[in-house]
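Residues in the sequence shown are numbered consecutively from 14, following this note's numbering. Even for Gly, the Cβ is constructed at its ideal location relative to N, Cα and C. Just below is one structure, and these are the notes that go with it.
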Amino acid sequence: MKLSKKHLKTLKEAPNEAQLVSHQLMIRANLIKKEAAGIYTYMPMGYRTVRKISQIVREEMDKIGTQELYMPHANPAELWKESGRWYAYGPELWRIKDRNGRDFCLAPTCEEMITDLVKNEVSSYKELPFAFYHIQWKFRDEARPRYGLMRGREFLMKDAYSFDKDPETLHEAYMAQYHAYEEIFDRCGLTYRVVEADNGPIGGSNSHEFSALSDVGESDLVYCENCGMAATVERAECRDDVPVQEEMEELRAVFTPGTKTIADVCDYLKIDVKKSIKALMFVTYDIELNPADYVCVFIRGDRELNMIKLVNALDVPEHYIEFADEEEMGAETGIVGGFTGPIGLKNCITVVDSELVGTVNMCAGANQEDHHMLGVCYGRDYTGDIVTDVKVLAEGDPCPHCGQPVKHTKGIEVGQIFKLGTKYSESMNCTFKDEDGQDKFYWMGCYGVGVTRTMQAIIDQHNDKDGIIWPVSVAPYHVIVTVINPKDIVQMAVAEEIEAALEKQGVEVIVDDRDERPGVKFKDADLIGIPVRITVGKFAAEGKVEYKLRRESNHELVTKEEAIDRANALVKAEIYGK
Ligand SMILES: [Zn+2]
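Here is the structure:
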């Protein structure tokens, strides 16, 4: 392919709104072009990489027997109402109406569609187990689309769904996908961690997230070097501190003027923050978005609240809870903003972190302006409507499995797999006849790969100051032949000879024969990150060219035959492992 005949518009500078290096490089290298917030055109170079990632995903899905099909973007609302997610999904579900006023949504995921399909398509145990997938553009109406393809509103995703007769065979299907995902992300050249994850709005019992390690990732991960425990911070269990054993003191109110924060009051009373109880107030909403319940959460003063654990404990969707207006809430429940404690509240759900069980002589708000209580004892003075772990496992906290201090890191979520169990098959009444003629619910799993996000994650991990450094497996082209002087007949003849020889071997070649200064061509080659650069210049007449890998700084003068052999061998080795 001759670049002079193709479109490529690289930029020296990225627009200000692109904060992440990976986002800047995608724009500068002309891979994507923004059309609206979180919505992009994939330009020719970018789309080649999208297709290569898709193809890797496809090959690994096919290898484990998952069948490819293609389901529609526009999903009838009825299906989503059947599963309950029309309400539970919240404002991220992109809702549309047809001309007759019928409700639809643009699919963010396809559990409903596939369950409905299988219900009508398969009836006997004889077909089990089976799994389907498609690679489809998905929609999610993000409140704040940002960071390029990391948080887009339209994105390419592979979603697969498995159908099994029982939990054991579901586990087999789940593990087959797990291993396929390892193959996929290895082949994409990513450094990643597999962590236990929360099931979130998808539902089900178990989940693993595949997270590409990145300083700018939006997934907070926690892991233990000692025992290998790894989870998202949202999901990670905490090991509760053992309460200090001491005599219960009497409960008493103390005057603590103007001490609205935990730090203020502990400072004022000269007590350890671990002897204080922090209160956080929320209001939940019903599916009509009317206020439903006030919620008061109590955790130890030095702990952070884990919102995912809280919504799971309350069994409300994430979008149906927010911080309460403390004045309005106070009139109903007796709380006093800045001075809220667990004693004497009414008309609200109290959630108490499990670590407070057994604690004595704590300090908490007195539900009275400028006052706190001392000598607060769990059990004697208060309990909770819900008592469970709702705190964040912080860096340095003991590992829930082995007790060693845990570490935090960040990642870009590129894949997630879920055991759904019978959640969708039950809510949508999707059954098969077993050997005895009984109707049974399917045990389902679902498995997603963010294809376009994976592209950005790869760039995030493979770049330098000059641009992208694509792994061979996903590079838009494998080799760029840079012609120093395209008007020189000998140089062009050698370039074309190399191009033809490599293409015959299945190597993808782009020839930069543009009428540009060599410096511009080298800069573009580095920016778009083609793995091998073969430069044809003044030694062309002697049959010699310069051979350089994008990921290495040195270059060598070699014969054109050797350049062809080396490029061919590299591509074969890195794509096919031989
Ligand atoms: Zn551990």
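{"Asked": "Segment contact flag, the segment 399-416 with the segment 359-372, C-beta cutoff 8 Å, min 3 pairs", "Found": "yes"}
{"Asked": "Assumed close pair E95, E125 - CB separation to whole angstroms, cut-off 8 Å", "Found": "7 Å"}
{"Asked": "Contacting residues, own chain, Cβ-Cβ under 6 Å from M242 (five flanking each side not counted)", "Found": "C412 and H414"}
{"Asked": "Closer than 7 Å: Q37 CB and nearest ligand 1 heavy atom", "Found": "no"}
{"Asked": "C-alpha distance - F431 paired with M457, whole-angstrom precision", "Found": "9 Å"}
{"Asked": "Beta-carbon proximity list for K453, same chain, < 7 Å, skipping 5 on both sides", "Found": "K178, T444, F445 and D447"}
{"Asked": "Nearest candidate by alpha-carbon position, reference E48, set D578, E167 and R579", "Found": "E167"}
{"Asked": "Three CB pairs or more closer than 8 Å across the segment 490-499 and the segment 540-555", "Found": "yes"}
{"Asked": "CA-to-CA distance, E382 to E340, given in whole angstroms", "Found": "12 Å"}
{"Asked": "Residue span of the beta strand (DSSP E) that contains T79, given as start and end", "Found": "Element bounds for T79: n/a, residue is neither H nor E."}
{"Asked": "Extent of the continuous alpha helix (DSSP H) run through Y236", "Found": "Taken as a continuous stretch (DSSP letters only), Y236 belongs to no alpha helix (DSSP H), being part of the beta strand (DSSP E) at S232 to Y236."}
{"Asked": "Beta strand (DSSP E) runs wholly inside the segment 252-279, at least 3 long, in chain order", "Found": "265-268"}
{"Asked": "Proximity below 8 Å, CB of C309 to CB of M294", "Found": "yes"}
{"Asked": "Close Cβ partners of Q190 (< 6 Å) along its chain, the five nearest in sequence each way excluded", "Found": "I430 and Y460"}
{"Asked": "Per-residue DSSP class, three states only, for N360", "Found": "coil"}
{"Asked": "Stretch pair the segment 291-306 + the segment 382-399: three plus CB contacts closer than 8 Å", "Found": "no"}
{"Asked": "Presumed contact (8 Å Cβ cut-off) between K423 and S232, rounded CB distance", "Found": "7 Å"}
{"Asked": "For S220: DSSP bridge partner residues", "Found": "F431"}
{"Asked": "R313 and L387 closer than 8 Å at C-beta", "Found": "no"}
{"Asked": "For L44 and G59, believed in contact at Cβ under 8 Å, the rounded distance", "Found": "3 Å"}
{"Asked": "Close Cβ partners of V503 (< 8 Å) along its chain, the five nearest in sequence each way excluded", "Found": "A553 and A554"}
{"Asked": "C-alpha gap between T372 and P256, whole angstroms", "Found": "5 Å"}
{"Asked": "Sequence-distant residues of its chain with Cβ nearer than 6 Å to D537 (five each side left out)", "Found": "T23"}
{"Asked": "Rounded straight-line distance, which links the Cα of V207 to that of E238", "Found": "14 Å"}
{"Asked": "Touching by the beta-carbon criterion (3+ pairs, under 8 Å), the segment 137-149 and the segment 99-117", "Found": "no"}
{"Asked": "CA-to-CA distance, M163 to G434, given in whole angstroms", "Found": "29 Å"}
{"Asked": "Beta-carbon proximity check, V549 vs V496, cutoff 8 Å", "Found": "yes"}
{"Asked": "Three-state secondary structure (DSSP) of K139", "Found": "helix"}
{"Asked": "Residues surrounding ligand 1 [beta-carbon distance to nearest heavy atom under 6 Å]", "Found": "C237, N239, C240, M242, C412, H414, C415 and Q417"}
{"Asked": "Those residues which DSSP pairs with T396 across a bridge", "Found": "In DSSP, T396 forms no bridge with anything."}
{"Asked": "Which listed residue (R157, E263 and N29) has its alpha carbon closest to that of P104", "Found": "R157"}
{"Asked": "Beta strand (DSSP E) segment containing V558, residue limits", "Found": "K557 to L562"}
{"Asked": "For Y187 and V324, the rounded distance between their alpha carbons", "Found": "26 Å"}
{"Asked": "Backbone CA spacing between D129 and H86 [nearest angstrom]", "Found": "15 Å"}
{"Asked": "Cβ-based neighbour list, V507, same chain, cut-off 8 Å, excluding 5 preceding and 5 following", "Found": "V549, A553, G556, V558 and K573"}
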